Structure formats: C-alpha cells, structure tokens
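Sequential numbering from 88 applies to the sequence shown in my numbering.
Some notes on the structure that comes next.
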Amino acid sequence: MRPRRFRAMGPLTGRIRVPGDKSISHRSIMLGALALGETRVSGLLEGEDVLSTAGAMRAMGASVVREDNGDWVIHGVGVGGLLQPQAALDMGNSGTSTRLLMGLVASHAITATFVGDASLSKRPMGRVIEPLSLMGAEFTPSPGANGSQTLPLMMRGAAPAVPITYRLPVASAQVKSAVLLAGLNTPGITTVIEPIPTRDHSERMLKGFGARLEVEREADGTRIIRLHGEAELTGRRITVPGDPSSAAFFVVAALIVPGSDLVIENVGLNPTRAALFDVLRAMGGHIEELDRREVGGEPVADLHVRHSALTGIAVDPAVVPSMVDEFPILFVAAALAKGRTVTTGLEELRVKESDRLAVMHAALELAGARVTETEDGLMIDGTGGEPLPGTPEGAAIATHLDHRIAMSLAVAGLASKGGVEVDDTRPIATSFPVFESLLDGLASGTARA
C-alpha cells in the first residue's frame, strides 16, 4: 500500500489538461479491434483500466500498438473475427472492460474466462449475464466462485446469436453497450429500450465506425436503440477529449480552495456526462465554458473555474445517470458548502468499485465532516467554506481499492486544516495515472497542459 497525506497547498492557478475520456478510450480500442483497416487514436487514456481492454483485444487477435508520438494504432480482425484467447482475460479493476467485452464475446464462437482483482471480483455481473444469455451466450462460474454471478466467470459465445429486444431494468450504459456490441455479429435487429437515458458514447462511436444504428425518442424520454447486425465496421481516426470525470476533481478543488483561478483545457461535455458541472453551478460555483467546440464528434470546452461560496441544495435524482461517477467528489464539495446538501436515488453507488455511499460516509466523517447516510444517498451539512479539520494523526481513509474515493479525499485534504490521509494511492492509476503529478505541479507552479 502507498499511503499519503494530502494537505492544503494554497490557491490552484494556471492551466492544466486532464487525460483522455475513459469511456471513449475503452470503446475506441474495442471498435477498432472489430473494424477492417487501421484505427488511429490520439489522446487515449493510458490508465490501467484501458490497458486491460487493450490486452484483452490483443489476446483475441487484434493488433493494438502505442507509437512513439503517443498515438495508438489498432488493426482489427473484422466483426465476427475474434479469436479464441489462450489464457484468462485479466480485467484488473475495470468493470467497463469486463461488461463490454462480455458483449463482444457473446456473439462469437469462442470461450473466454474473465478474472479481476479483489474489488472487481465483488461487483455484480448478473445485469449483463441476463440479456447476453437471452442472446445465446452461456456462463459458468469458475471453481471456487460458489455459483455467484461475479468474477471469475467463464463464458461461451453463441454463433449465430439471437437478436433480442431488451428493456433496461436499471439505467446502465454498460449493460446497454454490452447488448449493442453483441448485436454487431448477430443477424437481424438488436433493440435496446432505455427508459432513462445514459451516456451515449457507444451509439455515437458505432455510427462513426459505420454501423447501421437508429435512435428513436418517445414522448416520455424513453430511447429505443436499434442496431442492424452482421455489421461491417471501418477503421477511423479518433481524437479523445479530456475526461469530464477526471476534470471533476480539479473543478471541485478550484471551487473550494480560496484564491483559486484555474483553466482546465479540452474537457468533454457530452450532455449525458456533464451534469456535475450544472449541479455545482446551481450550488453557486463559477464554472465558465471557453471556446466550446466539437472534437471527434463530442462537444468540448475549456473550463474556467474560480473559488466560489457554495450553498447546499437538494440534488434532483433525475441527474444521477449523467453524473453517477462524480458523486464522491460532489460529496466533498457539499462538505465545504453552506447549509445542507441532500442526495437521493444513489443505490447504484453501492455496487461500484466499493460501496461508495458507506465508504464516503465513513471517510468524510473521519475528515471532520457532518454526514448522514440513508438507504439511497447522503445528507451533508457543510462547513460554510471553513476548512475541514482533517483526519487525526495516525488515522487514514480506507479507500477499498477505489480510485475515485482516493482522489476525492485527496481534494478534501486541500481544504483541510490538518490534511487528509488516504491509506493507498495506487488505485488512482486505474483511471488517472497523472493525478498526483498534476496536483503537485499546481502546488509548485509547474503544472502545464
């Protein structure tokens, strides 16, 4: 384990650039590996989660190579061309890799075993097993798994798979994407009905690679997505925008640290991902969009963030799908706001890399915040801008192998009197390997895009 105490370091000023979007990076490699010809990706996130995806696609026959200029070049095998992997596919900590790759394998005549670290091995896979089984895939728990729908799991794809119409029982972009990816090599039309819209990177990228896909929106907001199977994908050039989930940590840091005036460049602002920034503005945060533009089919802007006096609010649960990964850092902002912040509808946070409601409750209380945990959210009574006391000497936040817990409490340490110690910073590398160096660069005045 690699513990660290994060302390106040003065105003955050200057310009930084966060790494590429994790969701888009995963999908760039997967779809490039199924496309004919060359796919070239610039700005790819080189975190451990994305590298797990790259390793799995290599194991199933694709060429995935990083060039000296930082671009990643993928030569695919074509839809239907995945090869039998010779060893288990190690997903590390990545739930996205696991669930989406299960979708790819589901409609190929291959067998694959999925394994992961201790955290990933606790996460539920039943939500993708159900629809993929309806399409013909078979799942077998590995010896010692006690029949549970968690890793390790062996799955056998079906060829041909059966097209289905599947209504999502929970709002999950991963489940939606797994079914659509399985539909690529399935004859006929695979349909996903999405009552609550989730991030739409898969739909945008599938169209970009040449898949025939239609999206119909009903009057109540339900989205009906139809994918025509036995698709032929063609390689393309992709520029990955900065990850809004990574930018979120520095946005909140600049809002809660007095004197801060920070520009975060090239942040992806896909409307299915950017709700956090709207919530923070509703709390009084100064977040200005500069040079709004489009990069790789995604809306992008530079975010100008200044220290602000935040006020607690009741967060509308309707925004949860558009910021589900950002609630841990929102909880930190709420802990420094004036008054009470109330969040509800967050049951999904209990089955992330950790139980993020219970873990953030314990973490923020240890750092000196006033927090009440409910069945589906947290209520936080903020300090009104006063620094948190920080964790006592000799006490450390238990991060439970969760990268977002570690980074959120690192930000809390910047607005504390005594600093906040986390028990292990290693999980940060799964999604944001340069987080600490960017933070340290801001402290020393050497941070630069």
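Backbone N, C-alpha and C fix where the C-beta goes; we use that ideal spot for every residue, glycine too.
Quick caveat: nothing in here was measured; it's all calculated off a predicted structure.
#1: Which residue's Cα is closest to the Cα of serine 409: Arg92, Leu99 and Pro284?
#2: Per DSSP, which one or two residues make a beta bridge with serine 129?
#3: Quick check on the DSSP output: the alpha helix (DSSP H) that includes serine 184 runs from which residue to which?
#4: In angstroms, rounded to a whole number, what distance separates the CA positions of serine 531 and glycine 119?
#5: Ignore the nearest five residues each way along the sequence and tell me which others in glycine 130's own chain have a CB closer than 6 Å to its CB.
#6: Which of helix, strand or coil does DSSP assign to aspartate 108?
#7: Please confirm whether valine 507 and arginine 92 have their CB atoms less than 8 Å apart.
#8: Does any heavy atom of the ligand GDP sit closer than 7 Å to the C-beta of threonine 470?
#9: Check the DSSP bridge columns for histidine 315 and list the partner residues they point to.
#10: Quick check on leucine 529: does DSSP put it in helix, strand or coil?
#11: Looking at the structure shown, is threonine 430 part of a helix, part of a strand, or coil, going by DSSP?
#12: Taking only the alpha-carbon atoms, compute the straight-line gap between threonine 278 and glutamate 305 and give it to the nearest angstrom.
#13: Tell me which same chain residues have a C-beta within less than 6 Å of the C-beta of valine 350, skipping the five on either side of it?
#14: Please tell me whether glycine 384 and arginine 291 are closer than 8 Å, where the distance is taken between their beta carbons.
#15: Per the DSSP calculation, proline 228 is bridged to which residue(s)?
#16: Enumerate in chain order the residues of its own chain whose CB-to-CB distance from alanine 258 is below 6 Å, with the five nearest sequence positions on each side excluded.
#17: Ignore the nearest five residues each way along the sequence and tell me which others in glycine 275's own chain have a CB closer than 7 Å to its CB.
#18: State buried or exposed for aspartate 378, treating a residue as buried only when at least 16 other CB atoms are found within 10 Å of its CB.
#19: Could you name the residues of the same chain whose beta carbon sits closer than 8 Å to that of arginine 541, not counting the 5 residues immediately before and after it, in chain order?
#20: Measure the alpha-carbon distance for leucine 367 versus glycine 346 and round it to whole angstroms.
#21: Below 8 Å between beta carbons: does that hold for leucine 169 and methionine 147?
#22: Which residues in the same chain as valine 215 place their Cβ atom closer than 6 Å to its Cβ, once the five residues preceding and following it in sequence are excluded?
#23: Let me confirm a value: threonine 252 is counted as buried when at least 16 other C-beta atoms fall within 10 Å, else exposed. Which label applies?
#24: Going by CA-CA distance only, name the one from Glu480, Ala401, His195 and Thr428 that's closest to glycine 223.
#25: Suppose the cutoff is 6 Å on Cβ atoms and the five residues either side in sequence are ignored; what does the same chain contact list for proline 520 look like?
#26: Take arginine 324 and list the residues in its own chain whose beta-carbon comes closer than 7 Å to its own, dropping the five residues that flank it on each side.
#27: Report the residue from Thr470, Gly426, Gln236 and Ala420 whose alpha carbon sits nearest the alpha carbon of methionine 447.
#28: Taking the beta strand (DSSP E) that valine 266 falls in, what are its first and last residues?
#29: Verify whether the separation of the beta carbon atoms of threonine 237 and proline 211 is less than 8 Å.
#30: Assign alanine 536 to one of three DSSP states: helix, strand, or coil.
#31: Pick out the complete alpha helix (DSSP H) segments inside the region 468-515, 4 residues or longer, and give them in chain order.
#32: Quick one: give me the first and last residue of the beta strand (DSSP E) that valine 151 is part of.
#33: Quick one: what's got a C-beta closer than 6 Å to glutamate 303's C-beta in the same chain, skipping five residues either side?
#34: Are the beta-carbon atoms of leucine 488 and aspartate 204 separated by less than 8 Å?
#35: For glycine 538, which of Arg360, Thr430, Ala483 and Gly464 has the nearest alpha-carbon?
#36: Helix, strand or coil for valine 392, going by three-state DSSP, please let me know.
Taking the definition as stated:
#1: Residue numbering aside, residue 409 sits at position 322 when the sequence shown is read from its first letter. Cα-wise, what sits closest to serine 409 is Pro284.
#2: The sequence position of residue 129 within the sequence shown is 42, counting from 1. Partner(s): Thr326.
#3: Position 97 of the sequence shown, counted from the first residue, corresponds to residue 184. Start and end: 182-193.
#4: On the sequence shown, residue 531 is found 444 positions in, with the first residue counted as 1. On the sequence shown, residue 119 is found 32 positions in, with the first residue counted as 1. Distance between the alpha carbons of serine 531 and glycine 119 is about 39 Å.
#5: What you label residue 130 is simply residue 43 of the sequence shown in a count that begins at 1. Closer than 6 Å at Cβ, skipping near neighbours: Gly107, Thr326 and Val327.
#6: One-based indexing of the sequence shown puts residue 108 at position 21. Under the three-state reduction of DSSP, aspartate 108 is assigned to coil, being neither helix nor strand.
#7: Within the sequence shown, numbered from 1, the residue matching residue 507 stands at position 420. Within the sequence shown, numbered from 1, the residue matching residue 92 stands at position 5. Their beta carbons are under 8 Å apart, which means valine 507 touches arginine 92 by this criterion.
#8: What this structure holds is no ligand at all, so the ligand GDP is not there to describe.
#9: If you number the sequence shown from 1, residue 315 lands on position 228. Paired residues: Ile276.
#10: Within the sequence shown, the letter at position 442 stands for residue 529. Shown here, leucine 529 sits in a helix according to DSSP, grouped into three states.
#11: Here residue 430 corresponds to residue number 343 of the sequence shown, with the count starting at 1. Looking at threonine 430 - three-state DSSP - the assignment turns out to be coil, as it is neither helix nor strand.
#12: Locating residue 278 in the sequence shown gives position 191, where the first residue counts as 1. Locating residue 305 in the sequence shown gives position 218, where the first residue counts as 1. C-alpha separation (whole angstroms): 15 Å.
#13: Locating residue 350 in the sequence shown gives position 263, counting from the first residue. Answer for valine 350: Arg102, Asp389 and His391, listed in chain order.
#14: Counting from one through the sequence shown, the residue named residue 384 turns up at place 297. Counting from one through the sequence shown, the residue named residue 291 turns up at place 204. Yes, the pair counts as a contact, with Cβ atoms nearer than the cut-off.
#15: On the sequence shown, position 141 is the one that residue 228 refers to. Answer is Leu240.
#16: If you number the sequence shown from 1, residue 258 lands on position 171. Within its own chain, the residues whose Cβ lies closer than 6 Å to the Cβ of alanine 258, once the five positions on either side in sequence are excluded, are Ile283, Thr285 and Pro408, listed in chain order.
#17: Residue 275 sits at position 188 when you count from the first residue of the sequence shown. Correct list, in chain order: Pro250 and Gly316.
#18: Here the question's residue 378 lines up with position 291 in the sequence shown. Burial call: exposed.
#19: Look at the range of the chain in this structure, 88 to 536, and you will see that residue 541 is not part of it.
#20: The residue you call residue 367 lines up with position 280 of the sequence shown. The residue you call residue 346 lines up with position 259 of the sequence shown. The straight-line gap from Cα to Cα measures roughly 18 Å.
#21: Locating residue 169 in the sequence shown gives position 82, counting from the first residue. Locating residue 147 in the sequence shown gives position 60, counting from the first residue. In contact: leucine 169 and methionine 147 (Cβ atoms closer than 8 Å).
#22: Position 128 of the sequence shown holds residue 215. The answer, listed in chain order, is Arg186, Met189, Val262 and Ala265.
#23: If you number the sequence shown from 1, residue 252 lands on position 165. By the 10 Å Cβ count, threonine 252 comes out exposed.
#24: For the purposes of this step, residue 223 is taken as the residue at position 136 of the sequence shown. Comparing Cα-Cα distances from glycine 223 to each of Glu480, Ala401, His195 and Thr428, the minimum goes to His195.
#25: Mapped onto the sequence shown, residue 520 falls at position 433. Excluding positions up to five away in sequence, the list reads Gly134.
#26: Counting from 1 along the sequence shown, the entry for residue 324 is found at position 237. Hits under 7 Å: Arg127.
#27: Translated into positions along the sequence shown, residue 447 becomes position 360. The shortest CA-to-CA distance from methionine 447 to any of Thr470, Gly426, Gln236 and Ala420 is the one to Ala420.
#28: Against the sequence shown, residue 266 aligns to sequence position 179. Run containing valine 266: none in the beta strand (DSSP E); it sits in the alpha helix (DSSP H), 260-270.
#29: What you label residue 237 is simply residue 150 of the sequence shown in a count that begins at 1. What you label residue 211 is simply residue 124 of the sequence shown in a count that begins at 1. Their beta carbons are under 8 Å apart, which means threonine 237 touches proline 211 by this criterion.
#30: To locate residue 536, count along the sequence shown from 1; it is residue 449. In this prediction, alanine 536 has a pLDDT of 47, which is less than 50 and means its spatial position is unreliable; what the coordinates show is noted afterwards. Here alanine 536 sits in coil by DSSP.
#31: 490-501
#32: As a working mapping, residue 151 is identified with position 64 in the sequence shown. Here the beta strand (DSSP E) through valine 151 covers 150-153.
#33: The residue given as residue 303 occupies position 216 in the sequence shown. Contacts found: Ile311.
#34: The sequence position of residue 488 within the sequence shown is 401, counting from 1. The sequence position of residue 204 within the sequence shown is 117, counting from 1. With respect to the 8 Å criterion, leucine 488 and aspartate 204 are classified as neighbours on the basis of their beta carbons.
#35: Since the first residue of the chain shown is 88 and the last is 536, residue 538 is not available in this structure.
#36: As a first step, residue 392 is located in the sequence shown; it is residue number 305 there, counting from the start. Three-state DSSP puts valine 392 in a strand.
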